[in-house]
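A.B. asks: Protein sequences, first through last, are from chains A and B. FYI, in UniProt numbering the residues of the first sequence are 1 to 584. FYI, in UniProt numbering the residues of the second sequence are 1 to 838.
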Amino acid sequence: MVGLAYDCLANPLGAVRSTFEKAIASGSDPASFDGRDWGAVDLFRHFLFEDDGANSEFCNYKMGSANTLVRFRGMIQDMLGNEFYVGAYKDGSVWRTNKFTDVPQFPMDTSPDMRLWERHMLYCIPVPGQNSWTESPSEAVMYRSMNSATRQREKRQRLDVEATDNMDCNVSDEGVECSPAKKLKEDGHLQSQESITEGTSSSMIMGPDVNRDSLPCLIKIYDCPESDLKLNEVFEFVGVFTFDPEFKVDKDECDDFTNGFSEDVLVHFPPNKVPRLHCFIHRKLAVHDFLPHSPTVEPKPNLVKEIREALLRHLTAILGNDGVAAHFMLLHLLSTVYSRVETVAVGKLSLNLTCFSKESVPVFGSPLRLAMKNLLPFTQCISLTVDYLNAASLAPRKDYETNRLITGALQLAEGSHLIFDETHLEAGTLNSVGVENARVLKTLMELQKVEYDFKFYKLDMAADVKMLILSEGKSNILPADVVLPFHPASVGSSEVAAEALEAWRWYLATLRSLPHSIEPEMQKVIENDLVAARQEDRKLGTQDFSRLLTMGRLMSMSFGETSLSLEHWQMVKELERLRKERLK
Amino acid sequence: MASDSTPVDDLHLPMTPSRVQSATHSPPPLPALPGRDGLADPLRRLRNSQLQGPTGPGSPVPKQPQPHRAPAAPMAKTVPLQPPPPTDGDVPPSSEGGDGYDMDEDRPTFVWGTNISVNDVKVAIVRFLKNFRDESQWNTESEYLTEGKYIEAIKRVIEMEEDSLDVDARNVFDYDSDLYAKMVRYPLEVLAIFDIVLMEMLPVINPLFEKHIQTRIYNLKTSTSMRNLNPSDIERMVSLKGMIIRSSSIIPEIREAIFRCLVCGYYSDPLPVEKGRITEPTICLKEECQARNSLTLVHNRCRFTDKQIVRLQETPDEIPEGGTPHTVSLLMHDKLVDAGKPGDRIEVTGIYRAMTVRVGPTQRTVKSLFKTYIDCLHIKKSDKSRMLAEDQNPVEVDSSVAGHSDEIVFDEKKVEQLKELAKQPDIYDRLTRSLAPNIWELDDVKKGLLCQIFGGNALKLPSGARFRGDINILLVGDPGTSKSQLLQYIHKLAPRGIYTSGRGSSAVGLTAYVAKDPETGETVLESGALVLSDRGICCIDEFDKMSDSARSMLHEVMEQQTVSIAKAGIIASLNARTSVLACANPSGSRYNPRLSVIDNIHLPPTLLSRFDLIYLLLDKADEHTDRRLAKHIVALHFENPETIQQDVLDLATLTAYVGYARKHIHPQLSDEAAEELTRGYVELRRRGNFPGSSKKVITATPRQIESLIRLSEALARIRFSEWVEKHDVVEAFRLLEVAMQQSATDHSTGTIDMDLITTGISASERMRRESLVSAVRNIIMEKLQLGGPSMRLLELLEELKTQSSGNEVHLNDLRTAITTLASEGFVAFVHGDSVKRI
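1. Helix, strand or coil for A/Gln193 per DSSP?
2. Strictly by DSSP, which residues pair up with B/Cys538?
3. Does DSSP put A/Gly449 in a helix, a strand or coil?
4. Using a Cβ-Cβ cut-off of 8 Å, state whether A/Glu581 counts as contacting chain B.
5. Run down chain B in chain order and give the residues with a C-beta less than 7 Å from the C-beta of A/Glu83.
6. Would you check if the stretch 468-475 of chain A and the stretch 555-574 of chain A touch, i.e. whether three or more CB-CB distances between them fall below 8 Å?
7. What are the start and end residues of each continuous alpha helix (DSSP H) run of 4 or more residues lying completely inside the stretch 458-524 of chain A, in chain order?
8. B/His624: buried (16+ other C-beta within 10 angstroms of its C-beta) or exposed?
9. B/Val238 and B/Val190 - do their beta-carbons sit closer together than 8 Å?
10. Assuming A/Met75 and A/Val41 make a contact with CB atoms under 8 Å, what is their CB distance in whole Å?
11. In the DSSP output, which residue or residues are listed as bridge partners for A/Phe72?
12. Please list the terminal residues of the continuous alpha helix (DSSP H) segment that includes B/Asp444.
13. Give the residues from the stretch 499-514 of chain A that approach chain B closer than 8 Å (Cβ to any Cβ), ordered along the chain.
14. For B/Ile537, would you say it is in contact with chain A, using Cβ-to-Cβ distances shorter than 8 Å as the test?
15. Residues of the stretch 453-472 of chain A in Cβ contact with chain B at a cutoff of 9 Å, in chain order, please.
16. For B/Met546, return the contacting residues in chain A, with the cut-off set at a CB-CB distance below 7 Å.
17. Beta-carbon of residue 845 of chain B versus every beta-carbon of chain A: anything under 8 Å?
18. By a C-beta neighbour count over all protein chains shown, 10 Å radius and 16 as the cutoff for buried, is A/Val324 buried or exposed?
19. So what does A/Asp78 bridge to, in DSSP terms?
20. Just the Cα atoms here: how many angstroms apart are B/Ile196 and B/Ile213?
21. Output, in chain order, the set of chain A residues within a Cβ distance shorter than 7 Å of B/Thr372.
22. Return the Cβ separation of A/Ile477 and A/Ala438 in integer angstroms, given the expectation that the two are a contact with Cβ distance under 8 Å.
23. Assign B/Arg236 to one of three DSSP states: helix, strand, or coil.
24. Roughly how many angstroms lie between the CA atoms of B/Leu800 and B/Arg815, to the nearest whole one?
25. Can you tell me which of the three DSSP states A/Gly87 falls into?
26. Since I believe A/Leu285 is in contact with A/Glu236 (beta carbons under 8 Å), could you give me their beta-carbon distance rounded to a whole number of angstroms?
27. Quick one: grab the DSSP three-state call for B/Pro187.
28. Less than 8 Å separating the beta-carbons of residue 854 of chain B and B/Arg236?
29. Please confirm if A/Trp569 has its CB atom under 8 Å from at least one CB of chain B.
30. Looking only at its chain, what residues have a beta carbon closer than 6 Å to the beta carbon of A/Thr316, apart from the 5 residues adjacent to it on each side?
31. Just to make sure I have the definition right: I need the residues of chain B whose C-beta is within less than 9 Å of the C-beta of A/Leu231. Which are they?
32. Where do the ends of the beta strand (DSSP E) carrying B/Leu487 lie?
33. I want to see whether chain A comes within less than 8 Å of B/Asn230, judged by CB atoms only; does it?
34. Bridge partners of A/Trp117, per DSSP?
35. Under 8 Å, Cβ to Cβ, is there at least one residue of chain B near A/Ser558?
36. Rounded to the nearest angstrom, how far is the Cβ of B/Leu295 from that of B/Arg260, given a contact under 8 Å?
Written out as structure tokens, the structure is:
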């Protein structure tokens, strides 16, 4: 056996083993462990949340080396179904377990005492468009002024820095027994692994074709109904990080005769490219989990108002002193789909700023993009051109050859923000892909749904994406809820203190999840207003009413209040009036 | 059948250590079950062993230390997908699936690891096959005179020289639930015994019949969801529904090999596959020759069977929210090969199996992983659409390969439920409410759509003339009147609904086009949306923005219900029995009340007349509806969405209801209804003939009467009634009228009286109008002579204004008043703007 009892951080499998042995020793039947934990997960939970484990900076996924405990945050991109494995088997007369590992640690003979267990496989990728500040507080500062050109380089530096940090921490934490690689060596079974571990892990990080956006991970999840995890949800997984370097040898494994079975997903995820993570604990993450250190302050009215004012000032400055646009922008940033009635997604508020031109986009668009990046955890920017529409694959589609879901630009996590720059769109012919893409965009805009193409049928996946469109005139490809001509007065720039930025992030992440209601009296007032408005202007329809109500809700939310007041309703009506004026 | 792609090389592979090991210390694994063709041999041997072998029936079967299919896996290289190799005959089948779960049941008289006693099961099977009778057979009282269902079936199989016998698992359950339980739990063993029993029974019935007959079980009592398959299902019989997404090419799998000596030309006896491989003899078996390593495989004398791997995926309706579909591999043999094509929805019965995955082809270490697949016993194609698209035609049964015909049956409980629903007096309204409940008002439109979904009866006369039963609907309306939402909803509900947008559709995209296959260079016909929605509803959004050429293609589709293609050497006429639901904006995007309906819709009248119902969804100023709308939206935003739901049927029930009605209800016109139709039609015709009407008004044509019949039939169907009653016809007329806005159309000018669209004209308004009419009448009586010169409207207006001081009179009001008078035959319009007394 391994000398040390176990070390949760560097040798989690040892910990698994020892708890298993303990459980067996106490007389449990291994058969009863099917689908439940024998104490290993509890151990880790205890370690992480109660002991010092929570504080110790254990490896982030990217730096992890094989068979250590790592943490991975990512979006579920594809679900690969379940996998049967030999959960428990007898090595001679001793029960062993294969749980949380791919390779049996002890010779596994075909013996009658084999227990088949089941685990689920999830293919996770880093959240699309995830901004750097979400990762650690120090990075945000570094990232703020950075543009995309230098991004790659800087990232590597950062990784290096972190890698060394991490090493230090390992050493300090564990004293003598520090390097995971050494430990493996001691295990004796994976001797050959040492060099490969080093090699693979570094190549994985630094490899020329591996950039940050494609650092995926195959998560194997145990004892958990699959319905707990949904596509496109963002999770944090803590578990054992494994490689199977031997796998490299077996490239030719998928011989022709296995034909159908060679579609086995694993073939397409060679472990030397896609690492595995055997998950002990998973936790669904919401937007506010990505705040570096979330202040656990209750939203106090004063505080919220202050932050709101400051944020509004900031937005106004970015938007060239266009106060109306800043107001709409604030509401837009707070919007989220909070309920769905049949096909209607209630709560979305997409914004179309018109009167942009090719010239003004660099002036205002770029700062705007940067501001979004700094304020929201997941942001992306798409420049719409005819070529893009004709070529891009926006909606994810299933590839039955590889039995995988090929991701598309619109496979996004909940709460993502998308900027569409339509100013580069010129007259041209759309091919069938382009037409389809335009339709997909429109559906996303109107219904907050993305049609995933499963070839034989389409599957609607609900989305919650905030969409901001910059265009010259009203966009017809992307019919937004709010169309607002953008009237900048000056070219503003805004220097932001890090603390302010953090407060704003907190503000945007927290307030949108507040509960909200409406008093019956207020309801009457609104109804009357709506009826009156409609009597005046027959063109007003369901969508306009919906927009007004959404704005009302968001407005009062932006003040941190939980029910709509008359004052805020008036503000909304005033905003709408100003907008209408501009449209004339 | 022979193919050169046999893995001959593999035959020379030396035994790897693992194989040797597994061969020595593991007992022979199971008989290959669903590699069904090969069953004969192992089974014969199995039988022999039972009769003569040391382990005869009843005697203890040696316990096998080998639980899983693990030893079979290392041989995967040879015939990787080979199901577990056949036993070599010394032992009766042993279950491996059972162990680990049923350790306690390890009793000597049973097949190891199971609770199966070969003899008992055999007896039970014989009893079942001999004695089982269908309910219908029981009812004839002569139960002992008629033969059992399966005895008849076996005789039929012999007659037809088929090679499989279909056994309905439900019958097994009804007859002997214990046998059923065993069969599901230990399918390998029980099916093997089934086959033995058949082999023993056949010679009794027909001694000359030598073929081996396999048992194909279908129709299990419970159908598992692909998602719920788990390790405890391994080696059990399962039934799954799903959609085929991929099938491999057909793989010839060697069953028996024949070798020839290169030296002396001696042909060896057929060598059967053993444990997934064939060992090439090293020495010529002919005594005189005995040359070493001289044997070569003779491909064309070997026996091969077809094998195919198919991937089955969950159907969209089984995928939970936020999940991706699961897939499972199916292993098909012989007749099942190519039984389903990608895209087919099937229900498959088979055995769930697992096999180990090796780390590498040359390594003996197996990974801790297992691959799973389903060994197919039986597949059944199920209907493709959500709603049963079949109309009155007999259901085209393209059921299982095994040839048993099987309709898609609504289970009785459901039918009862639906019939109960149909009996409710307010079912029509209830269904209307249930249709797109989140769309506001528009009840009449919804009623029309309901009729469309239910559809009328299609009729084909012996002369070949065809009358369509599909109802076409056009929705024209102002932007923002939720046309598209209605369309989306219908698309969701409808059988084979296809949704296209006029803007993105071309003529060929809608109908069919000829394409060149890039590989073969052959021209192939690809179906467009309309052909694809055959027997369904084709929803076309933005109809007005469709190009003229595309639109003109619709002419044929909408009346003849076919698409004719004549190009690139292909002349074809494809069925497109589809209902068209189109929606369009009025020309000029908003409805202009000053123009006539036709001018507003701005579609060629030829096309318009093919729509049974044309709805104008107009936005009217009405505080009442505004308020309701406002209330609805406020509720939508601030209340729990559940509280908004009213008493409506859920989508599933609605679909089932429609499906049942479309399939089983084929109403006919009653005499009374026919009379009413004639009467109404004549009246309709007459109404179109107003004197002085200068503009084209959609008058009643024979098409209208067809529409009316279809509508009435649909209405009767909604009630699950086989007869079209008079009130159906009355309602059909009403629908038609509402749809054409004829109640609100000014027949003389062809314009719509906007005020008339609302049925709720206030009483004061009506009073005002009546007084205006009488005032106008008085003036005309005064000023105009019978047959005298005409008078301009403006003059009349002046006159009216001087007479009725105080009241503001508009030209429009006057026009309305005059129209009323004209319809009384009192005056007539001359040149549009002048009035003449007649």
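Think of the CB as a built atom: it goes at the ideal place given N, C-alpha and C, for glycine as much as any other residue.
C.D. replies: Taking the geometry as given:
1. With a pLDDT of only 34 at A/Gln193, under 50, the local geometry of the prediction cannot be trusted, and the value read off the model is given with reservation. A/Gln193 falls in the helix class under three-state DSSP.
2. BP columns for B/Cys538 point to B/Ile498 and B/Val580.
3. Correcting the residue identity first, residue 449 of chain A is Lys in this sequence and not Gly. It is a strand residue.
4. no
5. Leu369
6. Not touching, per the Cβ criterion.
7. 498-511
8. With fewer than 16 Cβ atoms within 10 Å of its Cβ, B/His624 is classed as exposed.
9. In this structure, B/Val190 keeps its C-beta atom at 8 Å or more from the C-beta atom of B/Val238.
10. Not a contact, Cβ separation roughly 23 Å.
11. A/Phe237
12. Asp443 to Phe454
13. The residues in question: there are none.
14. no
15. Phe454, Lys455, Phe456, Tyr457, Lys458, Leu459, Met461 and Ala462
16. Under the 7 Å cutoff, chain A gives no residues; its nearest Cβ is about 14 Å from B/Met546.
17. The structure shown does not extend to residue 845 of chain B, since chain B is modelled only from 1 through 838, so no value can be given for it.
18. Per the 10 Å Cβ criterion, buried.
19. A/Tyr123
20. Rounded to whole angstroms, B/Ile196 to B/Ile213 spans 9 Å at the Cα level.
21. Chain-ordered, the chain A residues with CB closer than 7 Å to the CB of B/Thr372 read Phe84.
22. 5 Å
23. coil
24. 12 Å
25. strand
26. 5 Å
27. helix
28. Outside the shown range of chain B (1 to 838) lies residue 854 of chain B, about which nothing can therefore be said.
29. Taking Cβ atoms only, chain B never reaches closer than 8 Å to A/Trp569, which makes this a no.
30. If the five residues before and after A/Thr316 are omitted, its C-beta is found closer than 6 Å to the C-beta atoms of Gly323 and Ala326, all from its own chain and listed in chain order.
31. Gly322, Gly323 and Thr324
32. Per DSSP, B/Leu487 belongs to no beta strand (DSSP E); it is in the alpha helix (DSSP H), Lys483 to Leu493.
33. Using beta-carbon distances, B/Asn230 counts as an interface residue toward chain A, with a partner under 8 Å.
34. A/Tyr85
35. no
36. With 8 Å as the limit, B/Leu295 and B/Arg260 qualify as a contact, their Cβ atoms being about 7 Å apart.
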